[in-house]
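Structure first, then comments.
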Amino acid sequence: MNFEDQVSQVLKASSNNMKSDHERIKHNIKNKIGKRNGDYRVPFSKFSSAAAVLIGSVIFVSGISFASGVNPFSVVVSFVHNIGQEKSFGSGYYFQDGGPYQDTADAKKLVLSGYGINLDQFIGTSDYLKLDADHFQVNDVVAYMVNREKQYFYVLAKGSTNGGHSIGLDIYHNTNKSLYFEGQTTSDHKKDIDLSGIKATYIEFANANTGGTTNYLTWKNGEWTVALHSIDSTEKVLAEAAQAILQIKQF
Amino acid sequence: MKEPENIKDMILLTLEGKHDAFFDIYNATVNDVAKIVHNLIYDKSQKDDIIQDIYIEMYKALSKFKIDQPFTPWLIGIVVRQTKSHLRKNWLLFRLKNKQMEQADQESQPDFSGKLVDQLDNRELLQSIHGLSYKLKTVIVLRYLSDYSQEEIAQILNIPIGTVRSRISYALKVLRTSIKKEHMSQMEVERYEF
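Laid out in C-alpha cells, this is it:
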C-alpha cells in the first residue's frame with residue numbers, strides 16, 4: 174500500500190466509529206428555522222446571531238448576582254481551574270448567567286478582516302480600544318450589536334503582535350456581568366497588575382508538560398469590560414500589548 | 010460525496026418555504042458532512058454543534074445558490090468555512106470540561122483493523138493529520154476522505170489548482186516526516202490547547 178492509500182484508509186477508518194446524533198441536530202435546526210414561519214426570505218439575522226449566544230448555550234455555572242451598584246473600574250473575575258496532570262489542557266472565559274448581556278438572541282453580527290468605518294458605523298462609535306496597526310497585525314474582527322438603544326455591543330479582534338505572538342482583544346460595552354476564567358493548569362497564577370493607573374487582573378494557564386500557556390489580562394473602565402488574551406506568550410508580552418492599546422485610546 | 014438525487018427539486022421546494030424539503034437535503038448529505046467535520050476537528054465533542062451551524066448557514070445561503078451549478082461542492086465549501094469559523098470562535102469562549110473531552114475521545118476511537126503494527130502506524134498517522142494546520146488538513150480530508158479531484162477541491166475552496174497541488178504535496182511531506190517522530194509538537198490555535 175502506498176502512502177496516499179494509507180492516508181485515505183486512515184481517514185475513512187477514523188469515521189467508522191464516529192457518533193453523531195443526527196435526529197437531535199435536526200430537531201435543533203427545526204426549532205430555529207421554524208421560527209421563520211415558513212417564509213424563506215425573511216432576513217436571517219437571528220441565525221447568524223446564534224453564534225453570539227453560543228456562550229450562553231454552553232454555560233452551566235450559575236453565577237453570583239451582581240449588585241446594582243457595581244464598581245465601574247473593577248471587573249469581577251472568577252478563576253476556576255484544575256491543577257494536575259490532565260489529559261488535555263485548555264482554557265477560556267465566559268460571563269455569568271450565559272453571556273455578556275441579558276438577551277443576545279437578536280444580536281446582529283458583523284465579520285470583518287480589520288477595523289474601519291464599517292465597524293464604527295455598525296457599533297455607532299469610533300471611540301473604542303483597538304489592536305492598532307503600529308503594534309499589531311489584525312486578522313479578523315467580529316462585532317455583535319445586541320441592543321443599539323442600550324448600546325449593548327461587543328467586538329472580538331484577533332491578530333498577532335509585531336513579535337509574532339497571537340493575541341485577541343475582546344471589548345464589551347455596557348455589561349455589568351462577572352467574568353469567569355476556567356481551564357486546566359499546572360500552576361495557580363492570578364494577580365493584579367497596574368496598567369498606568371488602571372487595575373487589571375492577570376491570569377495564566379500553563380501546561381508544564383508542553384511548556385504551553387494561555388494568558389489573559391482583564392480590566393474594566395467605565396462602560397467597557399476588556400479581555401486581552403494570548404497563547405504561548407508571557408505576562409510581559411501581554412502587559413506591553415495592553416499598554417500599547419491603552420496608549421492609543423486613553424479613557 | 011455524490012450529488013443527491015433530485016437535489017434541485019429539493020432546493021427549489023426549500024426556497025418555496027417547504028421545510029420538509031430542506032430536511033430531505035439534510036438527510037441526504039449529513040453523513041458525508043459529519044465525516045468531513047469529524048476529520049477536520051480535534052475536539053470531537055464540538056462536531057454536532059458545528060454540523061448544526063453548517064445546515065443553518067446553508068439554509069441562510071440557499072437563496073444565493075445558482076441552481077445550475079453542482080450542489081455538493083457548494084455545500085462542502087460551507088462545511089469548510091463554517092468549521093473553521095466555529096473553531097476560531099470557540100477557542101475564546103469556553104473550554105469544554107475535561108470529562109466531556111475524554112468521553113468524546115473514547116467515542117471516536119478509530120476502527121483500525123489489521124495487524125497490531127499497522128494499527129499503531131495508522132494511529133500515529135491519524136495523529137499527524139490532526140496536527141496539520143487547518144489549510145493543509147482541509148485539502149487532505151477532501152482529497153483522501155471525500156475522494157475529490159484536485160480540480161474539484163480548487164472549486165470548493167475557491168483557490169487555484171496549483172495551490173491545491175502544492176498544499177497536498179506539502180501536507181504529504183509533513184505527514185511522512187512527522188510520523189517518524191515520537192511526539193507531535195505542532196499546536197494549533199483551533200484546539201485551544203497548550
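Sequence lines, in order, name chains A and B. Numbers in the numbering used here are just positions in the first sequence, counted from 1, shifted up by 173. Numbers in the numbering used here are just positions in the second sequence, counted from 1, shifted up by 9. Ideal placement from N, C-alpha and C gives every residue a C-beta, glycine not left out. Since the structure is predicted, the reported quantities are computational estimates derived from the model, not experimental observations.
Beta-carbon gap between residue i and residue j smaller than 8 Å
i        : j        : result
Ser339/A : Ser403/A : yes
Phe354/A : Tyr389/A : yes
Ile59/B  : Thr92/B  : yes
Ile198/A : Tyr68/B  : no
Glu377/A : Glu408/A : yes
Ile296/A : Met318/A : yes
Leu368/A : Ala316/A : no
Leu71/B  : Thr38/B  : no
Leu401/A : Leu342/A : yes
Ile149/B : Val180/A : yes
Nearest neighbour of residue i, chosen from the options [CA to CA]
i        : options                                : result
Asn189/A : Ile65/B, Asp29/B, Pro169/B, Asp41/B    : Asp41/B
Tyr288/A : Leu401/A, Asn175/A, Val328/A           : Val328/A
Leu411/A : Ile366/A, Lys350/A, His346/A           : Ile366/A
Gln275/A : Lys372/A, Asn349/A, Ile344/A           : Asn349/A
Gly337/A : Phe295/A, Asp405/A, Ser351/A           : Asp405/A
Lys17/B  : Ala30/B, Gly26/B, Lys56/B              : Ala30/B
Thr298/A : Ala280/A, Tyr325/A, Ser181/A, Pro273/A : Tyr325/A
Thr81/B  : His95/B, Leu96/B, Tyr64/B              : Tyr64/B
Lys331/A : Gln269/A, Gln310/A, Glu322/A, His346/A : Gln310/A
Tyr157/B : Asp52/B, Ile45/B, Val39/B              : Ile45/B
Val399/A : Phe268/A, Lys185/A, Gln182/A, Glu177/A : Phe268/A
Asn131/B : Gln420/A, Glu413/A, Ser187/A, Leu419/A : Ser187/A
Ser351/A : Ser181/A, Tyr266/A, Ala306/A, Leu184/A : Tyr266/A
Asn347/A : Gly356/A, Ala280/A, Gly370/A, Lys323/A : Lys323/A
Ser333/A : Asn312/A, Glu196/A, Ser286/A           : Asn312/A
Outcome for residue i when other beta-carbon atoms lying within 10 angstroms are tallied against a minimum of 16
i        : result
Asn204/A : exposed
His308/A : buried
Ser187/B : buried
Val88/B  : buried
Ala166/A : Any answer about residue 166/A is impossible in this case: the structure gives chain A only from 174 up to 424.
Thr147/B : buried
Ser235/A : Only weak support exists for where Ser235/A lies, its pLDDT of 26 falling under 50; the value from the coordinates is given anyway. Counting Cβ neighbours within 10 Å, Ser235/A comes out exposed, since fewer than 16 surround it.
Lys192/A : exposed
Ile85/B  : buried
Val173/B : buried
Val284/A : exposed
Pro273/A : buried
Gly263/A : buried
Lys53/B  : buried
Lys182/B : exposed
Glu66/B  : buried
Asn394/A : buried
Lys303/A : buried
Ile76/B  : exposed
Ala43/B  : buried
Whole-Å CB distance - residue i paired with residue j, under 8 Å assumed
i        : j        : result
Leu134/B : Asn48/B  : The Cβ separation is near 12 Å, so there is no contact.
Pro79/B  : Glu12/B  : 6 Å
Phe209/B : Ile20/B  : Given that chain B is displayed from residue 10 to residue 203, the structure contains no residue 209/B and the question cannot be resolved.
Asp194/A : Asp57/B  : 6 Å
Trp392/A : Ala373/A : 4 Å
Leu151/B : Arg176/B : So it is not a contact: roughly 10 Å between Cβ atoms.
Gln55/B  : Asn201/A : 14 Å between Cβ atoms; not a contact.
Three-state secondary structure assigned by DSSP to residue i
i        : result
Met318/A : strand
His346/A : strand
His336/A : Looking at the sequence itself, residue 336/A is Gly, so the reference to His does not match. Three-state result, Gly336/A: coil.
Tyr327/A : strand
Lys53/B  : helix
Ser175/A : According to the sequence provided, residue 175/A is Asn. The question's Ser does not apply to it. Reduced to three states, the DSSP call for Asn175/A is coil.
His139/B : helix
Asp305/A : coil
Phe31/B  : helix
Leu71/B  : helix
Leu145/B : helix
Ser264/A : strand
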